Amino acid sequence: MYEHYTVEAIKSDILSRLNTDINTSEGSYTSDMVSTVAHEIWKYYQALDAVVPIVYIDETSGEYIDKRCSEYGIKRKPGMKATTQLTFTGIDNTKIEAGKVFLTAEGLQFETDSSVTITGGMATLNATAAEIGNEYNVDAGTITHQIVTVSGLISVTNTKAAGGTDEETDAALVARFYDFLQNPATSGNASHYRQWALAVDGVGAAKVTPLWDGPGTVKVLITGDDNMPVDSTIVDNCALNIEEHRPIGATIAVKSAEGLEVNVSAAVEIDTSTTVSVVEATFTMALDSFLKNISFSKYTILYNRVAAMLLGIDGVINYSELTINGETENVKIGPDQVPVLGSVEVTGS
């Protein structure tokens, strides 16, 4: 914004304003003094550049994102720890203490919430991830290791872990901030419900349907930070937060969006600048981004739009046998659905 205020430009401007015949040539006393002042003024203009992303925040504004949001009571979602249930087999009377660490083959650690004693060869208890993060939503049967062996414990396994979410990113927080400003919420209107939903850890998008089951009813459909369906833990947390804020008398239903799997296949003719595997990888990324961007905003996947995406990939000359879910036509997305990319198969024609 102030790039034209260089040291030389400032110095030249100062010297041009001197109404005296004093020597101002390069190397003179006056020139040296003005050069020092010009440099200090230049540093001031450089510092002013930082004011713009402080006042008009974006994802590059660093700590000022949180400070700006706090003016409106908006706080960064801190993320949550995943939880699961562990099942132990072993010798009777073997005790597993609270805080005992079990982990996956990849090293993701879970700590027991309480203690339990094996009876009848088996025991169960709940465990919580050691850290926040979506990666801790591990599949069933993956927590099978111990850091310190418990004598008498033969094996451990788990149910699918759920509820783990990442800390809200700068980009997501900025988007939520501007959504707050651009969609005024008041008196329990649709924007109010949407903001209450988006304030919950793990909720990345929300769709509000007023009067969905008659007067006084509101349905809130939510997806995760990746625009994918969410687990029951996040749904329950979202419902609880809305219940704490909603107007008296409203009946609320909070549900996770259903995933509509989208499978795409095509045969392509390519030139020598690329390969089929590169085209498939590029097409997969483009489709994934496209499907996430249309969640809750469009309810038809246009066949021609997908075809254009494929033809737009460098090196693709033509395509044939393009199908979406086995068909060569538009795909309808239900009102309670979000498209989820399934398989993508690209072959040479």
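Count along the sequence shown from 1, then add 30; that gives the number in this note's numbering. Built from N, CA and C at the ideal position, the CB exists for glycine as well. Please read all numbers here as calculations on a predicted model, not as lab measurements.
- request: Evaluate contact between the stretch 252–269 and the stretch 223–239, counting only Cβ atoms and requiring at least three cross-stretch pairs below 8 Å.
  value: yes
task: Can you have a look at ASP196 and say buried or exposed, based on whether 16 or more other CB atoms are within 10 angstroms of its CB?
output: Walking along the sequence shown from the start, residue 196 turns up at place 166. With 16 or more Cβ atoms within 10 Å of its Cβ, ASP196 is classed as buried.
- prompt: If you pair each beta-carbon of the stretch 184–202 with each one of the stretch 71–79, do three or more pairs fall below 8 Å?
  reply: no
- request: Would you decide whether THR305 is buried or exposed? Buried here means 16 or more other CB atoms lie within 10 Å of its CB.
  value: The residue given as residue 305 occupies position 275 in the sequence shown. So THR305 ends up on the exposed side.
query: So, using beta-carbon positions, are ILE148 and ILE177 closer together than 8 Å?
result: In the sequence shown, counting from the first residue as 1, residue 148 sits at position 118. In the sequence shown, counting from the first residue as 1, residue 177 sits at position 147. Not in contact: ILE148 and ILE177 (Cβ atoms no closer than 8 Å).
message: Using a Cβ-Cβ cutoff of less than 6 Å, which residues in the same chain neighbour PRO259 once the five nearest sequence positions on both sides are dropped?
response: Looking up residue 259 in the sequence shown gives position 229. Excluding positions up to five away in sequence, the list reads SER286, ALA287 and GLY289.
- prompt: Quick check: the stretch 108–122 against the stretch 236–243, are there 3 or more CB pairs under 8 Å?
  reply: no
task: At 4 residues or longer, and completely inside the stretch 293–371: list those alpha helix (DSSP H) runs for me, N to C.
output: 306–323 and 333–341
message: Less than 7 Å between C-beta atoms, sequence neighbours within five positions excluded: which residues of the same chain meet that for ILE71?
response: Reading the sequence shown from its first residue, position 41 is the one you call residue 71. ILE40.
field: Bridge partner(s) assigned by DSSP for LEU155
entry: Here the question's residue 155 lines up with position 125 in the sequence shown. Bridge partners of LEU155: LEU116.
message: I'd like to know if the stretch 256–270 and the stretch 341–357 are in contact, where contact means that at least 3 CB-CB pairs between them fall below 8 Å.
response: no
- prompt: By DSSP, does VAL85 sit in helix, in strand, or in coil?
  reply: Indexing the sequence shown from 1 puts residue 85 at position 55. VAL85: helix per DSSP, three-state reduction.
message: So, with DSSP's three-state summary, where would you put ASN164?
response: Here the question's residue 164 lines up with position 134 in the sequence shown. Helix, per DSSP.
message: For the pair the stretch 291–306 and the stretch 368–375, tell me if three or more CB-CB distances fall below 8 Å.
response: yes
message: From the DSSP secondary-structure annotation, give me the bridge partner or partners of PHE140.
response: Within the sequence shown, the letter at position 110 stands for residue 140. According to DSSP, which records beta bridges pairwise, PHE140 is partnered with PHE132 and ALA159.
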